[in-house]
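**Q** Just so you know, we're using UniProt numbering here: the sequence shown kicks off at 1 and counts up by one.
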Amino acid sequence: MSTEPDDLQTRSIRPLKIAICGPADLSRFDHLIEGNRPATPGYAAPIISQLALALHGRGHDVSVVTLSPHAVDAGTFSGDRFNLLVATMRPRLRWVDAFRAERRAITNLLSQTQAEVVHAQWSYEFALGALASGLPTVTTLRDWGPAVFRFHRDHYRLVRLAMQMRVLRVAPHLTANSLFLAETAQPWARTPIAVVPNGLDFPECMPERADQTEVVIGSLSNGFDRLKNTSTLIESFALIRQKHPSATLRLAGTGHGLGGEAERWASEQGLCEGVEFLGYISSSEVPKFLAGLTVLAHPSRSESMSMSLVEAVRTGVAVVAGENSGGVPWVLDEGAAGVLVDINSAEALADGILSLLDNDADRTELELRAFANLSGRFGIDHVVDLYEQQYLAALRDQALP
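#1: Can you tell me whether histidine 173 is helix, strand or coil according to DSSP?
#2: Identify every run of the alpha helix (DSSP H) within the stretch 101-135, keeping only runs that are complete inside it and at least 4 residues long; order them along the chain.
#3: Give me the Cα-Cα distance between threonine 232 and glutamate 268, rounded to the nearest whole angstrom.
#4: Run through DSSP, which three-state label would alanine 19 get?
#5: Considering only the beta carbon of each residue, do glycine 22 and phenylalanine 126 sit closer than 9 Å?
#6: Could you compute how far the alpha carbon of alanine 252 sits from the alpha carbon of leucine 395?
#7: Could you tell me which of Ser304, Cys205, Val65, Gln212 sits nearest to leucine 332, measuring between CA atoms?
#8: Put aspartate 25 into one of helix, strand or coil per three-state DSSP.
#9: Isoleucine 193 by DSSP, collapsed to three states: which one?
#10: Give a yes or no on contact between the stretch 277-287 and the stretch 181-190, applying the rule of three or more CB pairs nearer than 8 Å.
#11: Please classify alanine 399: is it buried, with 16 or more other beta-carbons within 10 angstroms of its beta-carbon, or exposed?
#12: Alpha carbon to alpha carbon, what distance is there between glutamine 121 and leucine 128?
#13: Under the DSSP definition of a beta bridge, which residues are partnered with alanine 147?
#14: Cα-Cα, which of Tyr43, Arg81, Ala52, Val117 is closest to threonine 88?
#15: Apply the 10 Å Cβ neighbour rule to lysine 228 and answer buried if 16 or more other Cβ atoms are within range, or exposed otherwise.
#16: Would you kindly check if the distance between the Cβ of valine 328 and the Cβ of alanine 370 is under 9 Å?
#17: Among Val317, Arg92, His173, Leu26, which has the Cα closest to the Cα of isoleucine 217?
#18: For the candidate residues Leu32, Cys205, Pro136, whose alpha-carbon lies nearest to that of asparagine 373?
#19: Mind listing, in chain order, the continuous alpha helix (DSSP H) runs of no fewer than 4 residues lying wholly within the stretch 211-279?
#20: List the whole-angstrom C-beta distance separating threonine 254 from glycine 292, where the pair is believed to meet the contact cut-off of C-beta under 8 Å.
#21: Roughly how many whole angstroms lie between the Cα atoms of residue 442 and alanine 393?
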C-alpha cells in the first residue's frame with residue numbers, strides 16, 4: 001500500500017529515516033501495513049501514533065518501536081515507508097530491575113531499523129533503551145516524576161523517578177511538552193530543554209454542535225486518586241445541582257466506572273445523584289464523549305500537558321481547570337482559553353463551572369477564542385515543524401568531530 005507524501009519541493013527539510021520510540025496505539029497504523037497486522041491496539045496510546053502518522057504524511061520514512069502487554073502483538077509489520085516493530089513487555093514487577101528487559105528489547109528493535117535519528121517518548125524505559133542504541137536521539141519529557149511520586153508513593157514510581165533523573169543527566173537532546181515541564185526539569189538536565197507541545201489535528205473551523213437542552217458536565221481522568229482529584233469535582237457538582245437540579249455529571253476514565261472507586265466513594269458520601277459513572281473509554285470514543293458536554297471540568301492537581309483539555313477545545317467545548325495545576329495554565333494561555341480556578345475548593349470549582357453554565361454568550365465566546373488559540377499553538381503541522389528542527393539538530397551534533 002503506497003501513501004503519497006506531501007510535495008517535498010515546498011518543504012525545507014529532506015526526508016529522514018526516523019524511529020519513533022514509545023507507547024503507541026497499534027490500531028492507528030492498520031492502513032499503512034501490508035499483510036498481517038497486530039492483533040490488539042497494544043498500549044492503545046494515541047499521542048505517539050498521531051505524531052508518527054503526521055511524520056509519515058510529510059514524506060519521512062518512519063519506524064515505530066514499541067512494546068505491548070500482549071505477546072500476540074510481537075513482530076515486525078511493514079508498509080510503504082513504514083515499519084512497526086513490537087516487543088512484549090512483562091506483565092508485572094518490571095520495576096524490580098528498572099525495566100531492564102524492556103530497555104534491552106527496545107535497543108534491540110532499534111538495531112533492526114535503518115533510522116538516522118530516534119525520537120524517544122517519555123523519559124523512562126523507552127528513552128533509556130533508545131539512548132543505549134548509540135543513534136542520534138531526541139528525548140521528549142511528557143510528565144514529571146517527582147510530581148507523580150508525590151501523589152503515588154510506591155516502589156514503582158520511585159524507580160521511575162530514578163530512571164527519569166538518569167535520562168535528564170545523559171540525554172543530549174531534550175524537549176518537553178509544556179513550558180512548565182521544561183522549566184521544572186531544566187535544573188536537572190545536562191542540556192537546554194526545548195518546548196514542543198503535544199500535537200493534535202485541528203479542523204479549519206470549530207465544529208458546530210447541536211443545541212443542547214440539558215446541562216452536562218464531564219470529566220475524563222484515568223485513576224480516582226489525590227492527583228486526579230475527581231472527588232472535589234463530585235462535591236462541587238452537588239453545589240451546582242442546587243441551581244441546576246437536572247444537570248448531569250459524566251465521569252469517564254479508569255476508576256470511574258460502575259462499582260469503581262469513584263462510585264464507591266460518592267455513594268459513601270451520598271453524592272451519586274445525577275452522576276453517570278462511565279468508566280474507561282477508548283481514544284476513538286473520546287470525541288463523541290466530549291461532543292455531548294456543555295463544559296469539561298479538569299480537576300487534576302498536576303499535569304504537564306493535558307490532552308483532554310486540547311481535545312475538548314478542538315471539539316468546541318469550554319473547559320474549567322486548575323490555576324496551579326502544573327502545565328494546565330500554560331495550555332489554557334493563563335486563562336485566555338479556559339476558566340482557571342482553585343480546584344482544591346469545591347466552591348471555587350462550582351463557581352467556575354456556573355460562570356459558563358449561566359451565560360451562554362460568554363461560553364460561546366470562550367469556545368471560539370479557545371479554538372483559535374489552541375489550534376495555532378497545538379496543531380499537528382506546527383508541532384511536526386518543531387520536531388523536524390530538533391531531529392536536524394541531533395544529526396548535526398552527531399556529525400561534529
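Quick reminder that beta carbons are idealized off the backbone N, C-alpha and C, glycines included.
**A** The answer reads as follows:
#1: coil
#2: 125-131
#3: 14 Å
#4: strand
#5: yes
#6: 42 Å
#7: Ser304
#8: strand
#9: strand
#10: no
#11: exposed
#12: 10 Å
#13: For alanine 147, which the question treats as bridged, DSSP gives no partner whatsoever.
#14: Tyr43
#15: buried
#16: no
#17: Val317
#18: Cys205
#19: 230-240, 261-269
#20: Contact doesn't hold; Cβ gap of about 20 Å is too wide.
#21: The structure shown does not extend to residue 442, since the chain is modelled only from 1 through 401, so no value can be given for it.
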